[in-house]
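Single-structure report; data block below.
Number of protein chains: 2
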Amino acid sequence: MKDYIKHDEWCIIEEGFHPEHNEITESLMSLGNGRMGQRGNFEEKYSGHTLQGNYVAGVWFPDKTRVGWWKNGYPNYFAKVINAVNWVGIDVQINGVELDLAKCEIISFTRILNMKNGTLRRLCHVKMENGNELELVSERFCSMAHDEAGVINYAIKPLNFNGDAKLTPYLDGDVSNRDSNHGEKFWEEMDKEAKGSEAYLQVKTKKSPWDTVPQFTVSSGMRLKFYQGKKELHPISLPVKKEKYIGFTYDLPLVSGQQTILQKFAVNLSSENHPAEEHFAIAKEYLNKIYHLGFEVMLGDHTKAWEEKWKSNDIVIKGDVAAQQGIRFNIFHLQQTYTGEDARLNIGPKGFTGEKYGGVTYWDTEAYCLPFYLSTAEQNVARNLLVYRHNHLQKAIENAQLLGFKDGAALYPMVTMNGEECHNEWEITFEEIHRNGAIAYAIFDYINYTGDKNYLAEYGLDVLIGISRFWAQRVNWSEAKCKYVMLGVTGPNEYENNVNNNWYTNLMAQWTLKYTLESIEYVRSTSPERWAEIKSALQFNADLEEDKWEHIIEELYFPEDAERGVFLQQDGFLDKELMEVDEIREHRPINQKWSWDRILRSCFIKQADVLQGMYFLEDQFSTEQLERNFDFYEPMTVHESSLSPCVHTILACKLGRLEKAYEMYVRTARLDIDDYNNDTEDGLHITSMAGTWMAVVKGFGGMRIKNGEVSFAPQLPAGWDSYSFRVKFRGQLKEVNVTKDGHTVKDLK
Amino acid sequence: MKDYIKHDEWCIIEEGFHPEHNEITESLMSLGNGRMGQRGNFEEKYSGHTLQGNYVAGVWFPDKTRVGWWKNGYPNYFAKVINAVNWVGIDVQINGVELDLAKCEIISFTRILNMKNGTLRRLCHVKMENGNELELVSERFCSMAHDEAGVINYAIKPLNFNGDAKLTPYLDGDVSNRDSNHGEKFWEEMDKEAKGSEAYLQVKTKKSPWDTVPQFTVSSGMRLKFYQGKKELHPISLPVKKEKYIGFTYDLPLVSGQQTILQKFAVNLSSENHPAEEHFAIAKEYLNKIYHLGFEVMLGDHTKAWEEKWKSNDIVIKGDVAAQQGIRFNIFHLQQTYTGEDARLNIGPKGFTGEKYGGVTYWDTEAYCLPFYLSTAEQNVARNLLVYRHNHLQKAIENAQLLGFKDGAALYPMVTMNGEECHNEWEITFEEIHRNGAIAYAIFDYINYTGDKNYLAEYGLDVLIGISRFWAQRVNWSEAKCKYVMLGVTGPNEYENNVNNNWYTNLMAQWTLKYTLESIEYVRSTSPERWAEIKSALQFNADLEEDKWEHIIEELYFPEDAERGVFLQQDGFLDKELMEVDEIREHRPINQKWSWDRILRSCFIKQADVLQGMYFLEDQFSTEQLERNFDFYEPMTVHESSLSPCVHTILACKLGRLEKAYEMYVRTARLDIDDYNNDTEDGLHITSMAGTWMAVVKGFGGMRIKNGEVSFAPQLPAGWDSYSFRVKFRGQLKEVNVTKDGHTVKDLK
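So the protein sequences, as listed, match chains R and F. Using my numbering, the first residue of the first sequence is number 1469, and each one after it goes up by one. Using my numbering, the first residue of the second sequence is number 1469, and each one after it goes up by one.
Right, dumping it as C-alpha cells:
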C-alpha cells in the first residue's frame, strides 16, 4: 500500500516527485476520451522508470500465442491492446543539455490530474546538470468534445540564465509493447509528411497469419504554435525524419524570467473510422480547425463536456475526503474509457492506462460495467455493449464448435477483441464458462432497467438461444445422481479449477434456460413473424429443444449442505479443511505466498461465487438463506480479485451489516490510488471501478429495479456525514440524498 | 503408422532412402553406450529434414522457464538434455561439388542398425548433380567396451570417374537444441588444438543464474586414418578453425573403382568424470590407444560386449518376426541408454535419441525401468537407480517446502536432473504426486527381488520416512466423510486433472505408510544403532508420527462403487457419461482431436491408474476383484500413454485373456518402429520399452517373486511357435522356454 497521493475531493495530486513510483503515477494520471488515451508520461525524455503508453480504441495486434505446454484448442494468438504512436513527445535541450528529470535536481514538483475537467498538469522547478534552473509547466488533455484530438500546452521559463532552447516535438510510431510474446514490434510505416509546422505519420499494424484479423492503420498529425509571453513566434522548422518517426527541431533563444510556450495540437485517426487513404486530408482539416480554435477554446469545450458527464454521474460524499476522492477517481476513469458511442468497442481491464491482460472484453463488462452505464449514460450506451456480443454470436458458435459442441451452441470467449477467443490457460479458457451466463443475464438486466423489451426480438433472442443450446449440451445426465450435472468447470472463484457442479455456474445455466424459454414465449406471442424468422434462421426445433431445456431446468443438480442450510460452491467442498481468513493473516495474499496447488485445495476463496449468484438472482432466495451463506463464505473469502469486495458490500448492506459493508467498500474504492495490490504500475483496474460505483448505489443506496420501478433503501456508513448520487432511470435523472436524518429522492431538470 | 522398416530378427533396415521419414529413421537408428549417444544422422552434410543429435550422459542445461501464465511455485528452469559436440561430421566434396544426399539421385540405399552388435551401417550408390556416380559405405559405433570412444569407417568409391575428393572431418560445438526456450545456444568455447591428424575441442555450458546448477565441460578429440584400398595414406592436413569448431581438410585423388577410406577415432570426455584441465591430455592418451588398436579390434571388443549383454537379456520369439524384432529393438535401446555403472545417471524418456521432454528422470524409472534392470543386469545397476533418489532426498524435502510442507516431508520432482524440479505445468508439477508412491514402491520391489534387506538401513529408510511424512501432511481430515481424504491431485491417468481421492494415489500413499512402519520396525529390531542414528538425524518423533500414520492407514478414504464391485478412479467418476472406446473410434487419438476440457470431462482414460494400482499391489486383491475392475476400465482406456498397454498385457495374462493381452502387446512392442503415435521423429520412447519387456516376462511369462522365490506361469500367444527369455535372479541366470507343449525353466552356466 502507498500513500503518497494527496487526499483531495477533485484531484489526484503528486506533491514532490516520486521517481520510485513513477509508473504508478503514470497509471493513475492516465487520460482518455473513449476514442484514444494515454498514460501520464512526461512530454520530454525521461530516462528513469516509465511505461510509455498511447492507445487508440479498437486497435490491436494478434500476438502469436506462447505457452509452455500447448493444449489442443488453444487460440492462435493473444490479442494485445497495442502501444501506438507517441504524439505527446517533445524533446528539450537547454544550452546543449537534454532535459531529463531523472538527471535534474528537483527543487519543486507537482503533478495534478484534475478529474473535474480531465486535464493533466505538471509544474516543476528543476536545476539541470549545468546549473541552469528551469520552470516547466505543462498541461494536456484528450478532448471529450473533439474526440480524435488532443492538445498540449508546454511552457518553459529559464530562472537563472539566458541561453538557447532546442525543442523537438515529434510523432513516434517506433514503439513497442513491454509484454509482446516474441519481442516483436507491431507497427510498420506507411507514409509521412512534414511541411511548415505540420507533420503527419501513418503506420499500420503488421500482417498476421490469420485472415480473420484486420490490419489497422493509424495516422497522427500535429501542428505547432509558439509563444514567448503573449507574443506568437514563428521559428524556423527543421524536419527530423526517421523510420516510423517524424518531428521538427526549433531553436529558440531563452531570456531569464520569460516563458516560452509550445502548443502541440494533435489528431489521431484510425482506419476503423476513416479510410486510410483519406487520413492525411482529414487530419489536415481537423488540425486546421482545432488549431484555429486554439488551446483555450478547446479546453473550454472539453471542460463543458466533462461538466455534462459529472452532472449525471457524480457521487458526493461528505465527511470522508478519501472516500470522495476514491469514488470520483473510479467514475472519472470509467467515463474516460468507454463512452458507448461505438458498438464495436468495449471496456478493457486496463482501459487506456496500460497493456496488461491484452484483449478488451471479459465477463467484467456484463457483470460489473453494464449496471454503471445503465444508470449513468444514455440508454444506447448500455445497448451498444449488448449489441457488441450480438455481433459476435457467429464467432461464439465457431468457438463452441472448436471445443466439440454443435447445432448452434455458442460459447462466448473468455477474452476477446473481435469475438475470437484469445485467452490460453485451459482451466480458464475452456472451463470458465460462467461468462456465458453473465452475457445472458446482461440482456435481462438491460431490459429490466430500461423496459426495452423490443431488444429481445431485435437482437437478444438469438444470443439467448445460442447460450442455452450450449448449456443444454454442456450438462450430462449422471446415472449415479439421477440428475443433470455440469462437470469440469472453473467458477468466478478462480481459486478452484476443474470442479464439478459449481453452484454458481449451474444456477446461471438454469436461469438462462428459464429466461430463454420466457423470452421465446414473449417474442412468439408479440412478434410472431419475427419469431418465425429467428426459428428458421437458427433451425430451432421448438418441441425437442424446449422439452430438453425444461427437463434440465427441473433436474439440474445443485450441491448443498442441508444441515448448515448453505449452498455448496461445488461438489466435495465440505471435504476441505474449513478455516477462516483470520487464521492465515500472515500468509496473505495467498496468490503471492502459496503455490497454486495449495491454494486450490484450501477452502480460501478469491471471490465468492455462491454469493455472486445470490446477488444476481436475489429474488430466488430469502434473506435468511442469504445470511447463512454470507456467514459461511465471507470468512473464507480473501478478496484477491478486484471484482470481489463490491458484491460483499451490496450483500452486507442488504443484511444491514454496515460495518462489514464499509470495510469491503474501502478495499475497492481506493484500490488503485493506494496501490493495494502492488500492481497499479501495470495500469488501473478499470472494470472493477464499476463495482465500486455499484457498492455505493446498489449497496449503501439500496437501489433496486423491479417491475419497471426503481426503489432505494439508503443507509449511511458511520464515518460519512452524508452522500448523494445521481442515476438516470428511463429518461429521468434522479438525485438521491442521504443524510443522518434520512434520505430524499428528487427528480432533476 | 508407417511400415517402411523391413521385418528382420536382428536388424532395423531401411531399404531405399525415405527422405520424408528421415528424422524417424534417425531416431530408430540411434546409437549409445550409456556414456554417450547419437541419432542416426549422416556423417556428411544433409540439407533435407534432419534432427542433429549427439548427447553426453549427465550433461544438461537449465533452460530458463517459459510459460504463458506463471503460477507461484514453478521452478526457475526446465533442464534440457543438450545437443553436444557433433563428432561424427565429415564434409565431402567431389570434384568441387558438395556431397549432399538431398541433392543426389539415389540409385540404391540401405541403412542398417545391427542390434546384435550395435553398429550402424549405410551403403549407397548415388549420382551427383555433376553426373559423378559414387558408392558410399559407412559404419560406426559407440564402443561398449571403451565407453568414451566412438569410431567411424567412412569409405567412398568413384564408379564412373577419376577426380578429386576434399574430405573435412570435424568436431563442431556450435550446435543448438531445436526446443530451446529462448532460442539460445548453450555452449561456449574453452579451448581447441589441432596437430597432424589430431584435433581437440573443449566447450563448456554457459553460466546460468542458478548456483545449484553446475556448468559442464565436454572435450572431444579425433584422430584420423586414411586408406586407399589396403594402403594407408598420409595426406596433408589443413586445419580449419571456427568458433566452437575444429576440423581438417584433406585433398585426395580419386581413381574410378578404387575405395578411399577415412577412419575417424573419437573420444568424448565430460567434466563429470575427469577434471576439465586434464581433458586434452587424457583424450590424447585415449585416442592414441584406440587408434593403435584400430577399427577392427575396436569393433571386435564392442561386439563381444554386446554378446555378453544379449546372453543375459535376449528374448527369442519364434513364428513372429515382427514381434521378435520389436522386443529386441526395445531391449537394445534400453541397454544403450543406461548401463547402471554411475549412480548419478538415470534413464531419460528419449535416452540418447532426441531432445524432447528435457530432464532425464520421471516416475517411469521406478515404475517401468527398474524391473527390467533388476532382471537383466547386475544387482548394483538397480541399486544405483535407488541410490540416485536417496542422493536427492534433501532436494525433495526442499521441493516440498516450496509447496508449503514441513518437518522433513519430501516430494520428489516430476522431472529432474539433479534432484530439483524442472517441470512446469501446475496440474502435473504440483499435483501428480503419485510419483512419490512409485519411488517408495521401488525400494520394496528391489528388496523383494534381490533379498538385499540391508538396503533399508543403509539408504532406503530415510527416503521412506520423507515420503510418508509427505503423505501424512498431504491428506486432510474430512468432517463430511469422517475419513482422511486427498484433495487436488492428478493420477497417472493424466486425462483427469485436479481430482479428489484418486484411488491409485490414495492406495500408494496408504501402502507407503504401511511399508514405512514395517521398515522402521525391521531396522529398529535388526540395527538398533542405525535406527537411533536415523531417528535423531530425521528428528523422528516415533510416538506421534507412527500413531498418526496408523490412523491414516485405518481411516483413509477410497472411492468405490459397491454395486458394480469396482474401485472408483476418483470422487465423482460415476457422474460421467460412461462410454466405451469403440463408440468414439473416429475421434482417436483424442489428445489430437479433442480440446483439453472435453478430454477431462469424458470418461476416457489415458492409462488406467486403478489397474496400475492392482498391478503393483496384486496380493491385496482377489482375481474376481481384478476381473471386475479390468472389465470396467479397460473398455474406457485409450492407451494414449506409451506406459499403458504393457500393464494391461500383464493383467490380461493373469486373467487368462490371451487375445486381449496380445492385442495390447503389439501396441507397445512396435510403437516406435511403426511410429504408431506419429512422434518417433522426436526420439524413441525409451522408458516404455521396459514395459514391453515386462509384458513378455511378467505377462506371457507370468514371472512373480514372492518370499524370496521366483515363479513362472507361462502362456503362449496364439500366433507364436515358441518363445524364450532369460532373467537373472539372485545371481542365477535362468532361461524360460515356452512352446506349444509346455514350458521349461533352466538354470544356466
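Note that CB positions come from ideal geometry on N, CA and C, so glycine has one too.
Q) Applying the criterion that 16 or more other CB atoms from any shown protein chain within 10 Å of the CB defines a buried residue, is residue 1950 of chain R buried or exposed? A) Start at 1 with the first residue of the first sequence, and residue 1950 of chain R comes out as number 482. Looking at its Cβ environment, which holds fewer than 16 other Cβ atoms inside 10 Å, residue 1950 of chain R is exposed.
Q: State the DSSP-derived secondary structure class of residue 2073 of chain R, mapped to helix, strand or coil.
A: By 1-based counting over the first sequence, the position of residue 2073 of chain R is 605. Note: residue 2073 of chain R maps to strand in three-state DSSP.
Q: For chain F, find out if any of its Cβ atoms is closer than 7 Å to the Cβ of residue 2147 of chain R; answer yes or no.
A: Sequence index remark: in the first sequence, residue 2147 of chain R carries index 679 (1-based). Not an interface residue.
**Q.** Close-in-space but distant-in-sequence residues of the same chain around residue 1858 of chain R (CB under 8 Å, 5 per side omitted)
**A.** Taking the first residue of the first sequence as 1, we reach residue 1858 of chain R at position 390. 1927, 1928, 1930, 1931, listed in sequence order.
Q: State the start and end residues of the unbroken beta strand (DSSP E) segment that holds residue 1444 of chain R.
A: Since the first residue of chain R shown is 1469 and the last is 2217, residue 1444 of chain R is not available in this structure.
Q: Could you pull the start and end residues of the beta strand (DSSP E) that residue 1607 of chain R belongs to?
A: Taking the first residue of the first sequence as 1, we reach residue 1607 of chain R at position 139. From DSSP, the beta strand (DSSP E) with residue 1607 of chain R extends over 1601-1610.
Q | Between the CA atoms of residue 1597 of chain F and residue 1630 of chain F - distance to the nearest angstrom | A | Here the question's residue 1630 of chain F lines up with position 162 in the second sequence. Here the question's residue 1597 of chain F lines up with position 129 in the second sequence. In a straight line, the C-alpha of residue 1630 of chain F is about 16 Å away from that of residue 1597 of chain F.
(Q) Please report the straight-line C-alpha distance between residue 1704 of chain F and residue 1665 of chain F, rounded to a whole angstrom. (A) Sequence index remark: in the second sequence, residue 1704 of chain F carries index 236 (1-based). Sequence index remark: in the second sequence, residue 1665 of chain F carries index 197 (1-based). Spanning the two alpha carbons is a distance of roughly 9 Å.
Q. Three-state secondary structure (DSSP) at residue 2004 of chain R?
A. Numbered from 1 along the first sequence, position 536 holds the residue referred to as residue 2004 of chain R. The answer is helix: DSSP assigns residue 2004 of chain R an H, G or I state.
Q: List the residues that DSSP assigns as beta-bridge partners of residue 1528 of chain F.
A: Mapped onto the second sequence, residue 1528 of chain F falls at position 60. Answer is F:1549.
Q) Going along the region 1894-1925 of chain R in order, which residues come within less than 7 Å of chain F, judged by CB to CB distance? A) 1894, 1898, 1899
Q. Along the region 1948-1980 of chain R, what residues have a CB closer than 7 Å to any CB found in chain F?
A. 1948, 1949, 1953, 1955, 1956, 1965, 1966, 1968
Q: With a cut-off of 8 Å on the beta carbons, I'd call residue 1953 of chain F and residue 2029 of chain R a contact; round off their distance for me.
A: On the second sequence, residue 1953 of chain F is found 485 positions in, with the first residue counted as 1. On the first sequence, residue 2029 of chain R is found 561 positions in, with the first residue counted as 1. That belief does not hold up - the Cβ atoms of residue 1953 of chain F and residue 2029 of chain R are roughly 16 Å apart, past 8 Å.
Q.
Is there a C-beta anywhere in chain R that falls below 7 Å from the one on residue 1476 of chain F?
A. Here the question's residue 1476 of chain F lines up with position 8 in the second sequence. Output row for residue 1476 of chain F: interface = no.
Q) What does DSSP give as the partner residues of residue 1637 of chain R in its beta bridges? A) For the purposes of this step, residue 1637 of chain R is identified with residue 169 of the first sequence, where counting begins at 1. Paired residue(s): R:1558.
(Q) Taking only three categories from DSSP, how would you classify residue 1950 of chain R? (A) One-based indexing of the first sequence puts residue 1950 of chain R at position 482. In the structure shown, residue 1950 of chain R sits in coil (DSSP, three-state: anything other than H, G, I, E or B).
(Q) Quick check on DSSP: helix, strand or coil for residue 1811 of chain F? (A) Start at 1 with the first residue of the second sequence, and residue 1811 of chain F comes out as number 343. If DSSP states are grouped into helix, strand and coil, residue 1811 of chain F belongs with coil.
**Q.** Local conformation of residue 1543 of chain R per DSSP, three classes
**A.** Sequence index remark: in the first sequence, residue 1543 of chain R carries index 75 (1-based). Looking at residue 1543 of chain R - three-state DSSP - the assignment turns out to be coil, as it is neither helix nor strand.
Q: Give a yes or no on whether the minimum CB-CB distance between residue 1536 of chain F and chain R is below 7 Å.
A: Position 68 of the second sequence, counted from the start, is the residue given in the question as residue 1536 of chain F. Cβ-Cβ to chain R under 7 Å: yes for residue 1536 of chain F.
Q) What is the DSSP secondary structure of residue 1884 of chain F, counted as helix, strand or coil? A) If you number the second sequence from 1, residue 1884 of chain F lands on position 416. Residue state, collapsed to three classes: strand.
Q) Hey, residue 1918 of chain R and residue 1847 of chain R are a contact pair by Cβ (cut 8 Å); roughly how many whole angstroms apart? A) Residue numbering aside, residue 1918 of chain R sits at position 450 when the first sequence is read from its first letter. Residue numbering aside, residue 1847 of chain R sits at position 379 when the first sequence is read from its first letter. Confirmed, about 5 Å.
Q) Residues of chain F with a CB under 9 Å from the CB of residue 1555 of chain R: which are they? A) Your numbering for residue 1555 of chain R matches position 87 in the first sequence. Within chain F, no residue comes near residue 1555 of chain R; the closest Cβ sits about 32 Å away, beyond 9 Å.
Q | Interface residues of chain R facing residue 1871 of chain F [CB-CB closer than 7 Å] | A | By one-based count along the second sequence, residue 1871 of chain F stands at place 403. Per Cβ cutoff of 7 Å: 2063, 2065, 2066.
Q) How long is the line joining the alpha carbons of residue 1820 of chain F and residue 1781 of chain F, rounded to whole angstroms? A) What you label residue 1820 of chain F is simply residue 352 of the second sequence in a count that begins at 1. What you label residue 1781 of chain F is simply residue 313 of the second sequence in a count that begins at 1. Roughly 20 Å between the two C-alpha positions.
(Q) Between R:1668, R:1722, R:1645, R:2123, which has its C-alpha nearest residue 1623 of chain R's C-alpha? (A) As a working note, residue 1623 of chain R is residue 155 in the first sequence. Of the listed residues, the one whose Cα sits closest to residue 1623 of chain R is R:1722.
Q: Going by DSSP, name the residue or residues bridged to residue 1592 of chain F.
A: The sequence position of residue 1592 of chain F within the second sequence is 124, counting from 1. For residue 1592 of chain F, which the question treats as bridged, DSSP gives the partners F:1577, F:1604.
Q: For residue 1994 of chain R, count neighbouring Cβ atoms within 10 angstroms of its own Cβ and tell me buried if that reaches 16, exposed if not.
A: Mapped onto the first sequence, residue 1994 of chain R falls at position 526. Its Cβ having fewer than 16 others within 10 Å, residue 1994 of chain R is exposed.
Q: At 3 residues or longer, and completely inside the region 2072-2119 of chain R: list those beta strand (DSSP E) runs for me, N to C.
A: none
Q) With distances taken between CB atoms, is the gap from residue 2021 of chain F to residue 1975 of chain F smaller than 7 Å? A) By 1-based counting over the second sequence, the position of residue 2021 of chain F is 553. By 1-based counting over the second sequence, the position of residue 1975 of chain F is 507. In this structure, residue 1975 of chain F does not lie closer than 7 Å to residue 2021 of chain F by Cβ.
Q.
Let me see if you follow: with CB-CB separation under 7 Å, is residue 2043 of chain F close to chain R or not?
A. For this step, residue 2043 of chain F is matched to residue 575 along the second sequence. Yes, because at least one Cβ of chain R sits closer than 7 Å to the Cβ of residue 2043 of chain F.
Q) CB-CB under 6 Å to residue 1713 of chain F, same chain, minus the five flanking residues each way: which ones, in chain order? A) Reading the second sequence from its first residue, position 245 is the one you call residue 1713 of chain F. Contacts found: 1640, 1642.
Q) Distance, Cα to Cα, residue 2054 of chain F vs residue 1516 of chain F? A) Your numbering for residue 2054 of chain F matches position 586 in the second sequence. Your numbering for residue 1516 of chain F matches position 48 in the second sequence. If I take the Cα positions, the gap works out to 33 Å.
Q.
What would DSSP say about residue 1837 of chain R, mapped onto helix, strand or coil?
A. Position 369 of the first sequence, counted from the start, is the residue given in the question as residue 1837 of chain R. Note: residue 1837 of chain R maps to helix in three-state DSSP.
(Q) For the pair the region 1826-1835 of chain F and the region 1906-1917 of chain F, tell me if three or more CB-CB distances fall below 8 Å. (A) yes
Q | residue 2069 of chain R at chain F interface by Cβ criterion, 7 Å | A | Counted from its first residue, the first sequence places residue 2069 of chain R at position 601. So, interface residue.
Q. Would a C-beta distance cut-off of 7 Å place residue 1873 of chain R and residue 1941 of chain R closer than the cut-off?
A. Position 405 of the first sequence, counted from the first residue, corresponds to residue 1873 of chain R. Position 473 of the first sequence, counted from the first residue, corresponds to residue 1941 of chain R. Yes; because the gap between Cβ atoms is below 7 Å, this pair is in contact.
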